[in-house]
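The structure appears right after this line, and notes come after that.
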Amino acid sequence: MEIILKEDVANLGYKNDIVTVKSGYGRNYLIPTGKAVIASPSAKKMLAEELKQRAHKLEKIKKDAEAVAESLKGVSLTIPTKVSATGVIYGSVGNIQIADELAKLGHNIDRKIIVVKDQVKEVGHYVAIVKLHKEVSVEIPFEVVAEEA
């Protein structure tokens, strides 16, 4: 089933992409929640016209994303957390903690666009990826350290 995405959907595509999904996923989740519409010929024509009109706006959005990416280059985070005697973290470190640390540095990044590939369950060095635009992403190294008692 071909659908047109109305917003970014993780691991599927970005807004205004035409993607093929299984019909159950499209009919039971994406379309009822307003995340997509069926890609009929008329919907495709409307999408083409809309993209043609918004080309210069999309270029500005990409330039803004590149500017944010440039400001995030060279940023390295240190995240203090509670750790057991063996060096294992109580809980885990995820995108919420990374977004909080970035906010402390003055970078207001939505936690939904931060991806941590590995599960962070121990003290050490890791990398998070901030997906600012479909063509612009930044890797942010971070270190998880034991919180001072």
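Quick note on numbering: UniProt numbering labels position 53 of the sequence shown as 53, and the sequence is numbered without any gaps. Built from N, CA and C at the ideal position, the CB exists for glycine as well.
Which residue marks the beginning of the beta strand (DSSP E) containing residue i, and which one marks its end?
i, result
"residue 145", "136 to 146"
"residue 2", "2 to 5"
Let's see if you can read the secondary structure: which residues bound the alpha helix (DSSP H) around residue i?
i, result
"residue 43", "41 to 53"
Checking the sheet assignment: what are the DSSP bridge partners for residue i?
i, result
"residue 18", "4"
"residue 36", "5"
"residue 26", "BP columns for residue 26 are empty, so no partner."
Return the Cβ separation of residue i and residue j in integer angstroms, given the expectation that the two are a contact with Cβ distance under 8 Å.
i, j, result
"residue 195", "residue 114", "Outside the shown range of the chain, which is 1 to 149, sits residue 195, and nothing can be said about it."
"residue 138", "residue 73", "7 Å"
"residue 144", "residue 66", "About 29 Å; that fails the 8 Å criterion."
"residue 123", "residue 83", "6 Å"
"residue 133", "residue 61", "7 Å"
Check your understanding: What runs of the beta strand (DSSP E), each 3 residues or longer, lie entirely inside the region 55 to 141?
Key -> 77 to 81, 88 to 93, 114 to 116, 120 to 122, 124 to 133
Review point. Between the region 76 to 84 and the region 94 to 102, are three or more C-beta pairs nearer than 8 Å?
Key: yes
Check your understanding: Is the region 6 to 13 in contact with the region 29 to 41, if contact means three or more CB pairs nearer than 8 Å?
Key -> yes
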